[in-house]
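In this note's numbering, the protein residues as written are 485 to 595.
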């Protein structure tokens, strides 16, 4: 049935609270961000352990964003060295770091 239609709007199995799409508030390109790690993302397996970090050790900026009707805003990230995660993120998966926050040295975050 969906193959014959010119446009199919996907229905989420769980309704989202708050605005979405064009009405959703967007993050600006100048904010500092960490993203929520998937289970075992740093260790290379799919299990989450109590000692795993919840947020990425690197700090990122927004590289680009995508706004579509009736869909959450998607964000792609990039760090100061030009590295970026291979996936996109929604607002709930991002942790905004205030500009007046003094960040620890990188060696503390990666150990």
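Ideal placement from N, C-alpha and C gives every residue a C-beta, glycine not left out.
Computed from a predicted model, the values in this text were never measured in an experiment.
Are three or more beta carbon pairs between the stretch 574–586 and the stretch 552–566 nearer than 8 Å? yes
Let me know the beta strand (DSSP E) ranges lying completely inside the stretch 545–582, each 3 residues or longer, listed in chain order. 545–550, 558–562 and 578–581
Roughly how many whole angstroms lie between the Cα atoms of residue 541 and residue 582? Sequence index remark: in the chain shown, residue 541 carries index 57 (1-based). Sequence index remark: in the chain shown, residue 582 carries index 98 (1-based). Their backbone Cα atoms lie some 16 Å apart in a straight line.
With 16 as the cutoff for other CB atoms within 10 Å, does residue 544 come out buried or exposed? Against the chain shown, residue 544 aligns to sequence position 60. Residue 544 is buried by the Cβ-count criterion.
When the Cα of residue 547 is compared with those of 517, 592, 487 and 490, which residue comes out closest? Taking the chain shown and counting its residues from 1, the one referred to as residue 547 is at position 63. Looking at the Cα atoms, 517 is the closest of the given residues.
Taking the DSSP output, what are the residues bridged to residue 539? Taking the first residue of the chain shown as position 1, residue 539 is located at position 55. Per DSSP, 520.
Anticipated Cβ contact below 8 Å, residue 506 with residue 551, distance rounded: Against the chain shown, residue 506 aligns to sequence position 22. Against the chain shown, residue 551 aligns to sequence position 67. With 8 Å as the limit, residue 506 and residue 551 qualify as a contact, their Cβ atoms being about 6 Å apart.
What does the alpha-carbon distance come out to for the pair residue 487 and residue 499? Taking the chain shown and counting its residues from 1, one reaches residue 487 at position 3. Taking the chain shown and counting its residues from 1, one reaches residue 499 at position 15. Roughly 25 Å between the two C-alpha positions.
What does the alpha-carbon distance come out to for the pair residue 565 and residue 530? Reading the chain shown from its first residue, position 81 is the one you call residue 565. Reading the chain shown from its first residue, position 46 is the one you call residue 530. Straight-line Cα distance between these residues: approximately 27 Å.
For residue 537 versus residue 526, is the C-beta spacing smaller than 8 Å? For the purposes of this step, residue 537 is taken as residue 53 along the chain shown, with counting starting at 1. For the purposes of this step, residue 526 is taken as residue 42 along the chain shown, with counting starting at 1. Result yes, Cβ atoms of residue 537 and residue 526 sit closer than 8 Å.
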